[in-house]
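**Student:** The structure that follows is given in the form of structure tokens.
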Amino acid sequence: MSTLSDGTAGRPRVVVIGGGFGGLQAALQLAKLPVDVTLIDRRNFHLFQPLAYQVATGALSPGEIAYPLRRIFRRRRNVRVLLAEVTDVDLENRLVHVEPVIDEARAETVPYDILIASGGSEYNYFGHDEWREAAAELKTLEGALAIRSEILAAFEAAELEEDPERRRSLLTFVVVGAGPTGVEMAGQIAEIARDLRGDFRTFDSGRARIMLVEAADRVLGAFPPSLSAKAARSLEDLGVTPQFDRMVIDLDATGVTTQAHDGTTEHTDAHTVVWAAGVMAARLAGVLARHAGAELDRSGRVAVNADLTLPGHPEVFALGDMVTLRRPDGSLAALPGLAPVAIQQGRHVARAVADRLAGHPPRPFRYHDKGNLATIGRAKAVADVRGLRLSGFVAWVTWLVVHLWYLIGFENRLLVVIRWAWSFLAHGRGVRLITGEPTGERTGVPRGERAGDATGSGRR
Ligand SMILES: Cc1cc2nc3c(=O)[nH]c(=O)nc-3n(C[C@H](O)[C@H](O)[C@H](O)COP(=O)(O)OP(=O)(O)OC[C@H]3O[C@@H](n4cnc5c(N)ncnc54)[C@H](O)[C@@H]3O)c2cc1C
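Positions in the sequence shown are counted from 1; adding 85 to them yields the numbering used here.
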């Protein structure tokens with residue numbers, strides 16, 4: 086194992102873990118300071134997760150929602166990007182241990198003066214990791230591509246299937262979790278089914294069943310009830326059947342079993358199940374908590390001080406989906422797992438580094454809540470912006486503008502605008518490619534290459 090000797094003599098070495106929303110913002114702001122930044126991510130791209138469901142439903146290509154980190158920092162000479170997985174942090178000696186994610190690279194240690202950790206979160210299958218096999222999730226590009234293949238392969242298999250029961254199962258799609266991601270996903274599957282009408286000869290794709298299973302009593306639990314009700318009605322108009330007050334208790338290749346509050350259970354034969362239920366903090370949160378003796382909450386988030394520093398380690402900041410904040414009264418306050426939280430925190434820690442260089446005292450982080458948005462389908466969305474409750478077309482346009490604003494890369498914005506305009510006007514869905522293998526057992530469709538191989542950056 087070697088030690089990377091970093092940076093320009095005399096300049097503080099800042100290591101940023103994670104090129105997601107929080108880490109990227111921190112690194113972009115730090116690039117303007119007299120510091121040497123090393124940005125470490127196990128992916129060589131920044132992923133715009135809010136649009137992952139559009140890749141999963143063939144509306145966008147992977148390359149339109151992911152942007153290479155190295156390209157973002159091409160002109161920032163004081164920022165170095167490392168493609169590696171952080172496996173451990175030595176808080177005492179101020180070293181980050183990294184393992185290669187490509188065969189040719191070696192394990193390394195990266196020294197730091199200041200560490201910023203923004204490792205994000207991952208989907209939590211409620212302790213049933215085996216469900217992962219049967220229900221893909223949207224947190225990664227691979228997951229989104231696997232879902233895309235699975236949905237499209239289901240329609241293809243239905244064209245070949247003569248048994249009505251099996252065809253019904255192939256044309257049944259279950260989305261678990263009715264938060265924004267689940268709602269968006271269910272709405273988009275319903276729209277695919279409509280868009281594909283006329284493409285098949287042996288069945289009407291518009292008759293596909295799309296179920297949205299939720300343990301609570303409404304969709305979009307973080308929104309005001311009136312907007313939840315509007316969203317549920319829009320989903321139903323699209324052909325989605327919301328199922329409330331139902332917990333998933335089993336999930337396998339045949340479908341999903343749910344349980345109601347009164348204990349009754351129901352099995353739904355479904356070819357495609359998409360997981361959009363609860364998240365757990367990234368493993369990195371546990372690593373930091375263990376070494377610093379910091380608290381972890383039920384979702385595995387590490388408790389940080391009000392200025393986002395790790396308890397007992399003013400040189401370590403943690404932020405985004407993997408943290409919960411310690412209030413002055415000692416209680417813990419989890420902020421919503423949203424991109425604006427991570428973005429604001431990323432900027433805050435960069436400012437904190439600048440303050441420290443200038444000898445100014447630390448400031449607590451304050452979240453400026455800009456509201457909540459969720460889209461349901463073409464020209465349908467709900468928005469709760471500082472008490473202003475919008476729905477329908479106006480909310481949808483707000484959603485489009487906000488997402489384009491935050492999307493990284495001018496080229497991506499332009500391509501996404503063109504695709505959205507085309508899809509809106511022509512009901513086109515340009516990226517209907519089956520590229521992976523996860524469908525073989527259930528559909529009989531031949532296995533191909535692994536998900537993602539064929540599309541890679543996916544731009545056409
Ligand atoms: C499907 C989906 C849809 C969403 N939609 C919305 C939305 O519409 N609006 C909204 O505001 N929020 C949305 N979110 C939430 C939002 O994406 C997150 O809150 C945000 O990404 C959190 O930022 P972060 O920096 O904490 O983590 P992330 O953006 O997830 O970034 C974490 C980064 O750390 C890297 N990483 C993790 N561990 C390691 C390690 N050990 N070594 C190296 N690298 C590591 C990962 O590869 C990743 O690049 C959505 C999330 C998902 C999954």
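Even glycine gets a Cβ: it sits at the ideal position worked out from N, Cα and C.
Going by DSSP, which residues form a beta bridge with F402?
**Tutor:** DSSP output for F402 lists I201, T394 as bridge partner(s).
**Student:** For the candidate residues L154, S203, V122, A238, whose alpha-carbon lies nearest to that of I519?
**Tutor:** Taking only the C-alpha atoms, the option nearest I519 is A238.
**Student:** Could you give the DSSP three-state label for G105: helix, strand or coil?
**Tutor:** In the structure shown, G105 sits in coil (DSSP, three-state: anything other than H, G, I, E or B).
**Student:** For S476, which beta-bridge partners are listed by DSSP?
**Tutor:** Note: S476 sits in a beta bridge opposite V467.
**Student:** Restricting to Cα atoms, I'd like to know which of A202, L136, I125, R162 is closest to A435.
**Tutor:** The option with the nearest alpha carbon to A435 is A202.
**Student:** So the alpha helix (DSSP H) E266 belongs to, where does it begin and stop?
**Tutor:** Sequence inspection shows Thr at residue 266; the Glu mentioned does not correspond to that position. It spans 265-280 - the alpha helix (DSSP H) in which T266 sits, taken as one unbroken run.
**Student:** A439 and L547 - do their beta-carbons sit closer together than 8 Å?
**Tutor:** The chain is shown from 86 up to 545; residue 547 falls before or after that span and cannot be answered.
**Student:** Span of the beta strand (DSSP E) holding G340?
**Tutor:** Looking at the DSSP string, the run of the beta strand (DSSP E) that includes G340 is 340-345.
**Student:** Is the beta carbon of G267 sitting closer than 8 Å to the one on L297?
**Tutor:** Closer than 8 Å, so yes.
**Student:** Take E299 and list the residues in its own chain whose beta-carbon comes closer than 6 Å to its own, dropping the five residues that flank it on each side.
**Tutor:** Excluding residues within five positions, the ones whose Cβ falls inside 6 Å are A263, F329.
**Student:** Pull the bridge partners of V261 from the DSSP assignment, please.
**Tutor:** Per DSSP, V298, W360.
**Student:** Where does P153 fall in DSSP's three states?
**Tutor:** It is a strand residue.
**Student:** Which runs of the alpha helix (DSSP H), 4 residues or longer, sit entirely within the segment 411-460?
**Tutor:** For the segment 411-460, whole alpha helix (DSSP H) runs of length 4 or above, ordered along the chain, are 424-442.
**Student:** By DSSP, does R127 sit in helix, in strand, or in coil?
**Tutor:** It is coil, neither helix nor strand.
**Student:** Would you mind working out which of E149, T342, V122, V333 sits nearest H488, comparing C-alpha positions?
**Tutor:** The option with the nearest alpha carbon to H488 is E149.
**Student:** Label F509 either buried or exposed according to how many other C-beta atoms from any shown protein chain fall within 10 Å of its C-beta, with 16 as the threshold for buried.
**Tutor:** Exposed, because fewer than 16 other Cβ atoms sit within 10 Å of the Cβ of F509.
**Student:** Helix, strand or coil: which one does DSSP assign to T520?
**Tutor:** Correct three-state label for T520: coil.
**Student:** Identify whether Y138 lies in helix, strand or coil by the three-state DSSP scheme.
**Tutor:** Here Y138 sits in helix by DSSP.
**Student:** When we look at the beta-carbon of P135 and count the other beta-carbons within 10 Å, is it buried (16 or more) or exposed?
**Tutor:** Classification for P135: buried.
**Student:** Closest to F106 by CA distance: which of P309, V120, A231, D406 is it?
**Tutor:** Closest option to F106, Cα to Cα, is D406.
**Student:** Could you spell out the range, first to last residue, of the beta strand (DSSP E) harbouring S234?
**Tutor:** Here S234 belongs to no beta strand (DSSP E); instead the alpha helix (DSSP H) covers 226-245.
**Student:** Is the beta carbon of V358 closer than 8 Å to that of L336?
**Tutor:** Contact flag set, yes.
**Student:** Just to confirm before moving on: does the CB-CB distance between V401 and T394 stay below 8 Å?
**Tutor:** In this structure, T394 lies closer than 8 Å to V401 by Cβ.
**Student:** If you draw a straight line from the C-alpha of P523 to the C-alpha of G228, how long is it?
**Tutor:** Because the pLDDT at P523 is just 48, under 50, the model does not fix this residue reliably, and the point stays unresolved.
**Student:** Who are the near neighbours of Q273 in its chain, counting only those whose CB is closer than 8 Å to its CB and skipping five residues on each side?
**Tutor:** Closer than 8 Å at the Cβ level, and outside the excluded window around Q273, lie Y138, Q139, A141, T142, A144, G462.
**Student:** Please look up how many angstroms separate the CB atoms of A370 and G204, rounded, as I've assumed it's under 8 Å.
**Tutor:** Right, the Cβ-Cβ distance comes to about 7 Å (below 8 Å), so this counts as a contact.
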